[in-house]
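Numbering (the UniProt record's numbering), first residue to last: 1 to 512. In what follows, a single structure is set out as structure tokens and then discussed.
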Amino acid sequence: MRPNEFILILDFGSQYTQLIARRIREAGVYSEIQPFNFPVDEIAKIKPKGIILSGGPASVYENGSPQVDVKLFQLGIPVLGICYGLQLIAYKLGGEVDRFAKREYGKAILKIEKDDDLFYDLNSEITVWMSHGDALVKAPPGFEVIAQTENSPICVIRNREKKIYGVQFHPEVVHTEKGFEILKNFVYRICQCQGGWNAEFFIENEIKEIRETVKDKKVMCAVSGGVDSTVLAVLLNRAIGENLIAIYIDNGLMRRNEGKEIVEMFKQLGIKVYYIDAGEIFLKRLCNVIDPEEKRKIIGHTFIEVFEQEAEKFKDVEFLAQGTLYPDVIESTSYRGPSAKIKTHHNVGGLPEKIRFKLIEPFRELFKDEVRRIGKALGLSDEILNRHPFPGPGLAVRVIGEVTPEKLEILRSADEILIEEIRNANLYDKIWQAFAVLLPVRSVGVMGDERSYEYVIALRVVTSQDGMTADWVRLPYDVLEKISARIVNEVNGVNRVVYDITTKPPATIEWE
Ligand code: XMP
1 MRPNEFILIL DFGSQYTQLI ARRIREAGVY SEIQPFNFPV DEIAKIKPKG
51 IILSGGPASV YENGSPQVDV KLFQLGIPVL GICYGLQLIA YKLGGEVDRF
101 AKREYGKAIL KIEKDDDLFY DLNSEITVWM SHGDALVKAP PGFEVIAQTE
151 NSPICVIRNR EKKIYGVQFH PEVVHTEKGF EILKNFVYRI CQCQGGWNAE
201 FFIENEIKEI RETVKDKKVM CAVSGGVDST VLAVLLNRAI GENLIAIYID
251 NGLMRRNEGK EIVEMFKQLG IKVYYIDAGE IFLKRLCNVI DPEEKRKIIG
301 HTFIEVFEQE AEKFKDVEFL AQGTLYPDVI ESTSYRGPSA KIKTHHNVGG
351 LPEKIRFKLI EPFRELFKDE VRRIGKALGL SDEILNRHPF PGPGLAVRVI
401 GEVTPEKLEI LRSADEILIE EIRNANLYDK IWQAFAVLLP VRSVGVMGDE
451 RSYEYVIALR VVTSQDGMTA DWVRLPYDVL EKISARIVNE VNGVNRVVYD
501 ITTKPPATIE WE
């Protein structure tokens with residue numbers, strides 16, 4: 001739920017839009033991103049304290065470039081335009097933008113020429129970070145230029161009376177010295193926010209909202225043991241107690257003992273989880289399937305089918321809670337439009353629209369690390385919050401080629417050893433993900449004096465911020481040596497271990 005005080009960010013497709021949103025929340029004020037064409041009437045209704053227009057890759061004169069209704073500037077709500085946002089303000093309000101300006105990337109010195117609340121407590125010169133093609137050549141009537149750089153003589157403009165500001169540089173990136181202060185000045189001094197938004201505030205607010213929405217009906221929530229669904233279930237449990245129906249669908253594609261551990265973890269958290277053993281049907285449907293997309297689709301559809309069957313067993317279920325995060329939402333709302341489909345991601349977020357439940361998605365605006373912070377404020381342990389991500393289709397996308405119970409068992413054993421050794425080396429929490437992949441090839445080896453002809457295990461160990469890009473971890477040789485030796489010695493059916501040294505992009509994290 002939106003608190004009374006929030007900042008609205010209109011997205012024009014900048015790669016930094018998400019960063020603006022989180023900086024504002026870090027400053028203690030809730031922020032929400034909406035697409036650039038979010039209706040002005042709607043904005044007038046929801047009454048944000050301020051509006052930020054993000055940057056974007058387009059040119060304001062370009063055919064089909066994202067625009068705003070000029071009424072936006074008549075709402076009496078303070079506006080800050082960043083980069084493309086600044087150019088749009090100028091373009092809409094009678095200024096001039098030069099399409100053929102010299103491109104400018106990287107650092108520049110901003111000379112602040114006029115005092116302003118936006119620059120409160122700042123030196124008169126700061127280093128700012130630029131990334132633009134077009135530039136302003138004339139400020140719109142009613143605006144004055146209050147700061148400049150060598151290449152952008154019209155770098156910051158203001159209309160003090162209307163509280164409309166535009167900056168050519170990016171205050172949201174860390175390379176802009178005091179960028180966070182500038183955003184805070186906008187939020188607190190210009191928009192007059194009071195602040196106080198934090199994880200506890202979020203929790204309190206959501207609990208109130210969930211109670212009001214749900215009343216005495218039941219909410220179903222599929223948990224996976226992952227961070228998002230676990231934090232969600234704990235939040236729901238606080239809000240509605242017994243009216244939460246948490247189910248765990250075991251698709252037979254989990255790591256060793258994972259199902260039992262998850263049920264036990266929830267028990268410790270005081271949440272009853274209905275354990276649904278559906279492994280047989282998943283494995284049956286995966287029989288003879290080799291194509292990765294086909295596997296993902298089968299698993300996704302089967303998950304929905306099982307989920308719906310289970311939901312039928314409970315009366316009064318009106319709501320379905322999902323741990324959808326902002327990165328899951330962005331692809332359908334971003335100005336840039338949906339990104340190319342690389343893989344069909346199947347998790348609870350993949351349920352079809354025709355589903356009969358109303359949705360509850362408290363984390364729609366948040367990022368994973370913010371959800372972790374909420375989990376922490378809800379009292380969850382670091383062990384739970386720092387679990388490595390695990391894909392919805394589970395080990396099926398790590399057994400390359402056909403999935404069989406035998407291959408799953410080989411992979412489980414190798415995976416167990418890898419994780420154990422990563423933990424022994426105190427590396428688990430420093431790593432985004434570590435897992436084993438079973439390749440569909442056999443290689444020749446020699447064990448004792450015998451020839452062997454067995455499977456190859458690939459190890460994938462990566463660091464990442466958000467799963468969008470990744471680098472392989474330079475594991476110490478002795479750790480690699482131990483993992484390799486243990487897998488070959490202890491796992492029947494494997495005689496060779498290789499280490500995946502590919503970044504994402506061009507590879508993806510999972511192999512399928
Ligand atoms: P890729 O392989 O696309 O993975 O580089 C990026 C991150 O997403 C995880 N992943 C999934 N998570 N459902 C999920 O919930 C899925 O279908 C899925 N596929 C990949 C992957 O483990 C990595 O952390």
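C-beta atoms are modelled at their ideal positions from N, C-alpha and C, and glycine is treated no differently. Fair warning: this is a prediction, and the values are worked out from it, not measured in the lab.
{"Asked": "Answer yes or no: the CB of G270 versus the heavy atoms of ligand 1, is any distance below 7 Å?", "Found": "no"}
{"Asked": "Could you tell me the alpha carbon to alpha carbon distance between P362 and A101, rounded to whole angstroms?", "Found": "43 Å"}
{"Asked": "Using the rule of at least 16 other Cβ atoms within 10 Å of the residue's Cβ for burial, across every protein chain shown, is Y407 buried or exposed?", "Found": "According to the sequence provided, residue 407 is Lys. The question's Tyr does not apply to it. By the neighbour-count rule (16 or more Cβ atoms within 10 Å), K407 is buried."}
{"Asked": "What are the residues that DSSP puts in a beta bridge with S31?", "Found": "I7"}
{"Asked": "Have a look at V399, V223, R238 and V227 and flag the residue whose alpha-carbon is nearest the alpha-carbon of C287.", "Found": "V399"}
{"Asked": "Quick check: Q192 and K45, are their CB atoms within less than 8 Å of each other?", "Found": "no"}
{"Asked": "Which residue marks the beginning of the beta strand (DSSP E) containing G55, and which one marks its end?", "Found": "Per DSSP, G55 belongs to no beta strand (DSSP E) and is neither H nor E."}
{"Asked": "Just to confirm my understanding: we take G279, look at its own chain, exclude 5 residues before and 5 after, and list those with CB closer than 8 Å. What are they?", "Found": "D250, N251, G252 and L253"}
{"Asked": "Rounded C-beta distance between L459 and V497? I'm assuming under 8 Å.", "Found": "7 Å"}
{"Asked": "Confirm the yes/no value for this check: CB of E510, any heavy atom of ligand 1, distance under 7 Å.", "Found": "yes"}
{"Asked": "Measure the alpha-carbon distance for R474 versus D116 and round it to whole angstroms.", "Found": "48 Å"}
{"Asked": "Within the continuous beta strand (DSSP E) that includes L320, where are the two ends?", "Found": "V317 to A321"}
{"Asked": "Find the nearest neighbour of I203 within the set K376, T149 and G270, judged by alpha-carbon distance.", "Found": "K376"}
{"Asked": "Please go through the same chain and pick out, in chain order, the residues whose beta-carbon is closer than 7 Å to the beta-carbon of V479, but skip the five residues on each side of it.", "Found": "E421 and A425"}
{"Asked": "Return the bridge partner residues of H175 from the DSSP annotation.", "Found": "For H175, which the question treats as bridged, DSSP gives no partner whatsoever."}
{"Asked": "Would you check if the distance between the CB atom of L10 and the CB atom of L53 is smaller than 8 Å?", "Found": "yes"}
{"Asked": "Quick one: does the C-beta of Q192 sit closer than 7 Å to a heavy atom of ligand 1?", "Found": "no"}
{"Asked": "In terms of alpha-carbon separation, which member of A239, A507 and H301 lies closest to residue 548?", "Found": "Here the chain covers residues 1 to 512 and nothing more, so residue 548 does not appear."}
{"Asked": "Using only CA atoms, which one of Q465, A396, N257 and K47 lies nearest to D291?", "Found": "A396"}
{"Asked": "Distance check for M468 and K92, CA to CA, integer angstroms please.", "Found": "35 Å"}
{"Asked": "Would you tell me roughly how many angstroms separate the C-alpha atoms of V289 and L411, rounded to the nearest one?", "Found": "18 Å"}
{"Asked": "Could you tell me the alpha carbon to alpha carbon distance between V273 and I245, rounded to whole angstroms?", "Found": "7 Å"}
{"Asked": "If you run the structure through DSSP and keep just helix, strand and coil, what is N63?", "Found": "coil"}
{"Asked": "Compare the Cα-Cα distances from D316 to each of K217, E510 and D41 and report the closest residue.", "Found": "K217"}
{"Asked": "How many angstroms separate the CA atom of R23 from the CA atom of Y16?", "Found": "11 Å"}
{"Asked": "Any heavy atom of ligand 1 closer than 7 Å to the Cβ of G323?", "Found": "no"}
{"Asked": "Taking DSSP as the reference, what is the three-state secondary structure of P505?", "Found": "coil"}
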